[in-house]
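In this text, residue positions in the sequence shown follow our numbering: the first is 13, and each later residue adds one. I have placed the structure first, in the form of C-alpha cells, so that the comments after it can refer back to it.
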Amino acid sequence: MCYVGRTVQPLRARVNEHSAYYYKLISDNTFAPEENDDGFSLGKHLVEVHNMKQRDNFKQAYKVSILSNSSPRTLEVDEHRYIQKLRTIRPLGLNAMDPFGIALLDLSLRFSIVLGHKSYVFYIHIVFSGVF
Numbered sequence: 013m014c015y016v017g018r019t020v021q022p023l024r025a026r027v028n029e030h031s032a033y034y035y036k037l038i039s040d041n042t043f044a045p046e047e048n049d050d051g052f053s054l055g056k057h058l059v060e061v062h063n064m065k066q067r068d069n070f071k072q073a074y075k076v077s078i079l080s081n082s083s084p085r086t087l088e089v090d091e092h093r094y095i096q097k098l099r100t101i102r103p104l105g106l107n108a109m110d111p112f113g114i115a116l117l118d119l120s121l122r123f124s125i126v127l128g129h130k131s132y133v134f135y136i137h138i139v140f141s142g143v144f
C-alpha cells in the first residue's frame with residue numbers, strides 16, 4: 013500500500029509530522045482523527061491493519077522516496093497526478109482523498125517532472141512483508 017503527499021517544507025520535517033501523528037495515535041487511545049485527515053492515514057494503517065503500536069514501527073514500516081521536485085505553483089496538480097497514476101486513494105492505497113476531491117480516474121496520465129525547486133511530491137510505501 014502506498015501514499016502520495018506534497019510539501020513545501022523540508023521533506024524530513026513533513027515526514028516527521030506524519031510520524032508525530034502516529035505517535036499521537038498510539039499514545040492516546042481516546043483520540044479519533046477525522047476519517048479524511050490524510051495526516052493520520054499512515055499511522056492509522058499501521059495501528060488498524062497491522063496492530064503496530066510501538067514508536068519504532070513507523071520508521072521500520074515506511075520508506076520515503078521523492079517522486080518529483082515541483083514548483084509551488086504546480087504542487088497540488090503534480091500530487092493529484094501521482095495519486096491518480098499510482099492509484100493511492102483508499103481502498104487501493106493510503107491516501108484518504110485526492111487534493112481536488114476527485115475519485116480515482118481510469119486514465120493513463122502523462123506529465124513532465126519539473127526539477128530544481130524546493131517543493132516535493134513524495135511517495136511513502138510499506139517496506140515490510142507478511143501479515144501482522
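Glycine included, every Cβ here is placed at the ideal spot set by N, Cα and C.
Hey, could you find the ends of the beta strand (DSSP E) Ile101 is sitting in?
Careful: Ile101 lies outside any beta strand (DSSP E) and carries neither H nor E.
With C-beta atoms as the reference, is His57 less than 9 Å away from Met109?
no
Candidates Ile78, Tyr74, Asn48 and Ile38: which alpha carbon is nearest Glu60's?
Ile38
Is it buried or exposed, Phe70, if we count other Cβ atoms within 10 angstroms and call 16 or more buried?
buried
Are there three or more Cβ pairs, one per stretch, closer than 8 Å when the stretch 43-58 is compared with the stretch 14-32?
yes
Might you give, ordered along the chain, the residues of its own chain that have their beta carbon closer than 8 Å to the beta carbon of Ala115, omitting 5 neighbours on each side?
Ile101
Okay, do the stretch 62-76 and the stretch 84-96 touch, 3+ Cβ pairs below 8 Å being the bar?
no
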